[in-house]
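Input: a single structure, listed below in structure tokens.
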Amino acid sequence: MLSVFARNGSETPEPVKAQVEGSIPSWLQGTLLRNGPGLFSVGSSEYNHWFDGMSLIHSFTVCKGEVTYRSKFLKSDTYKRNIEANRIVVTEFGTMVYPDPSKNIFSRAFTHFSNVISDFTDNNLINIIRYGQEYYASSEVNYINQIDPATLETIGRINYKKHIALTLATAHPHYDSEGNTYNVGTAIIGLGLPKYIIFKVPADASDLQHQKPALSKVQQICSFAPRSTLFPSYFHSFGMTENYIVFVEQPFKLDIAKLATAYFRGISWGSCLLFDKDDITLFHVINKTTGEAVSTRFYGDALMVFHHINAYEDDGHVVFDLISYKDSNLYDIFYIKNLRQDSSTFTETNKKFSAPLCLRFVLPLSVNKESPRGSNLVTLTDTTAQAVMQEDGAVYCQPDSLLPGLELPGINYSFNAKKYRYFYGSRVEWSPHPNKLAKFDIVTRRHVEWQQENCFPSEPVFVASPGAVEEDDGVILSSVISPDPTASPFMLVLDAKTFKEIARAYIPASVHMDLHGHFIPA
């Protein structure tokens, strides 16, 4: 059943008209742009991991109640080289590739040294992000590929390193109300000692007249060292409030020495990540204007996080919600050999799958060093989260559990960095792939669901009604596929308030399971 996720997708380069059932609100005008892996084999060679598949971008354009669909492979350098060779020739997260098995040890050693200064793949399969007025397919490496959001054509790739000294950057930046983009990256191999870097790209950074990319005006806010030089933390996203960046330094780490020798050892980059269950998690709060960190040392138990939900300031506290795991087993589940198991075998062999848990942490900003040891410094009344003063002046943070079994969270982004009530997501109960959508009410701690038998919906995207005042006044959009070959894929439209279906648009083309995306209003 899950093998549907790992089968090769195909392009629909020209727009095709969807068959709409129900009624799409007349105000909904724009394009839902989505990214994810869509090609898992080239010639007779296959990728090992779902996160290795080559990027297939697709779009659902809504205009006057009608929907058109199109999809195109990202024409990255990686894609072109693989297709030209008719085999996989570029290394990915879970698949280490050697250019030519007939090469002798000396040329292999030479290739190894050129691979130590990691020149990563530009197969940007995770998300669509915006810098200035430019849209990019992004993963977490130093390359991003600019795309035309209307035609899905690949315009060309950009190397972060030409504009700011970093090797990795998240595919989950934040945007403030003025349109500025904030992101976090890591500088490793070839750029001195490892460090984390917070940077900003101004809203007006695109220089179309001189054809300069928005990144040419990037501003570094600050940099700071990991707690362990040889083991910087892996991170997939971060939180942002009105005044602060919230960075979680988790004990899921990148082994720098292993990464530097991965090529020569014949191991994948994925195996250079390790989870230290006996370590702690550090919470950094950094002023996004001055780059100065709050001096209190906030920490919690070992956890693993991919996605932050939202963060905000409330009466002298920073509140942030995220989705945590007890370990890093999630990555192992997405090896393609696992996805090709039948459902019962899959469920049995993945019993160790650590289910996601939505947590709320609360960090008091003004910590009085004289506070009694062992006292809870959180004074908010709407949460059970605690921040307990320790003997050494550090603050041990214990979360408030919101909801188990939800991933790929989304919110009304107008409420990003603000106190909010609702979040949406994909329910992941028996497998890491979603089979339901959910809306969670933080105040009542209740949730409602949408589901349809044998259907897999993608990450829910909230689009607000024009002039909306209430937080859940709008619609939820999701791309839905099924392993049933007779069932057409469709774009689902839910009323965000009631979570009831108001329309669906059946797509007369092949649609793949994606990861993340962006709604661009018309």
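Residue numbers (this note's numbering): 109 to 630.
Just so it is clear, CB atoms sit at the ideal spot from N, CA and C, and this is done for glycine as well.
Leaving out the 5 sequence neighbours to the left and right, which residues in its chain are closer than 7 angstroms to residue i when beta-carbon positions are compared?
i      : result
Ser573 : Trp135, Asp581, Gly582
Tyr342 : Phe360, Lys361, Leu362, Leu381
Val426 : Thr349, Tyr352, Val354, Val393, Ala419, Leu471, Leu473
Val486 : His425, Val470, Pro472, Ala493, Gln494, Ala495
Ala617 : Thr120, Val124, Tyr177
Lys527 : Tyr420, Asp422
Ala114 : Phe148, Trp158, Ile444, Leu447, Arg448
Gly374 : Met204
Gly117 : Gly146, Leu147, Leu164, Ser618, His620
Gly287 : Ala311
Since residue i contacts residue j with CB under 8 angstroms, what's their CB separation in whole angstroms?
i      : j      : result
Val571 : Phe627 : 5 angstroms
Phe346 : Phe383 : With 8 angstroms as the limit, Phe346 and Phe383 do not qualify as a contact, their Cβ atoms being about 19 angstroms apart.
Ser184 : Asn253 : 6 angstroms
Ala126 : Thr176 : 7 angstroms
Asp387 : Ala410 : 6 angstroms
Ile444 : Tyr155 : 7 angstroms
His344 : Phe414 : 4 angstroms
Leu233 : Gly144 : 6 angstroms
Would you call the CB atoms of residue i and residue j closer than 8 angstroms?
i      : j      : result
Ala322 : Glu242 : yes
Pro629 : Gln317 : no
Ile431 : Leu514 : yes
Phe332 : Val356 : no
Asn267 : Tyr251 : yes
Arg529 : Ile550 : yes
Leu338 : Ala370 : no
Trp158 : Leu438 : no
Ile394 : Ile519 : no
His624 : Leu164 : no
Asp508 : Leu467 : yes
Pro340 : Pro281 : no
Arg265 : Asp230 : yes
Glu248 : Ile255 : no
Please work out which residues of its chain come closer than 6 angstroms, Cβ to Cβ, to residue i, disregarding the five sequence neighbours upstream and downstream, and give them in chain order.
i      : result
Cys505 : Phe406, Gly408, Phe469, Ala495
Ser566 : Ser586, Ser587, Asp622
Gly293 : Leu274, Leu276, Ala277, Ile305
Phe221 : In this predicted model, Phe221 has a pLDDT of only 48, less than 50, meaning its place in the structure is not dependable; the value taken from the coordinates is given anyway. Cβ neighbours of Phe221 beyond the five flanking positions: none.
Lys385 : Ala410
Ser462 : Tyr433, Lys434, Asp435, Asn437
Assign residue i to buried or exposed, taking buried as 16 or more other Cβ atoms, counted over all protein chains shown, within 10 Å of its Cβ.
i      : result
Asp429 : buried
Pro597 : buried
Glu557 : exposed
Cys171 : exposed
Gln358 : buried
Thr606 : exposed
Lys608 : exposed
Gly240 : buried
Val503 : buried
Asn524 : buried
Using C-beta distances below 8 angstroms, list every residue in its chain close to residue i, excluding the 5 sequence neighbours before and after it, in chain order.
i      : result
Lys396 : Tyr290, Ile306, Lys308, Ile329, Met348, Asn351, Tyr352, Ile353
Ser474 : Gly424
Ser479 : Leu485, Met497
Ser210 : Its pLDDT being 49, under 50, Ser210 is placed unreliably by the model, and nothing is read from it.
Pro512 : Ala463, Pro464, Leu465, Cys466
Exercise. With a floor of 4 residues, list each alpha helix (DSSP H) that falls wholly inside the segment 392-441, ordered by position along the chain.
Key: 437-441
Quiz prompt | 3 or more residues per run - each beta strand (DSSP E) lying fully within the segment 127-154 | solution = 127-130, 138-143, 145-147
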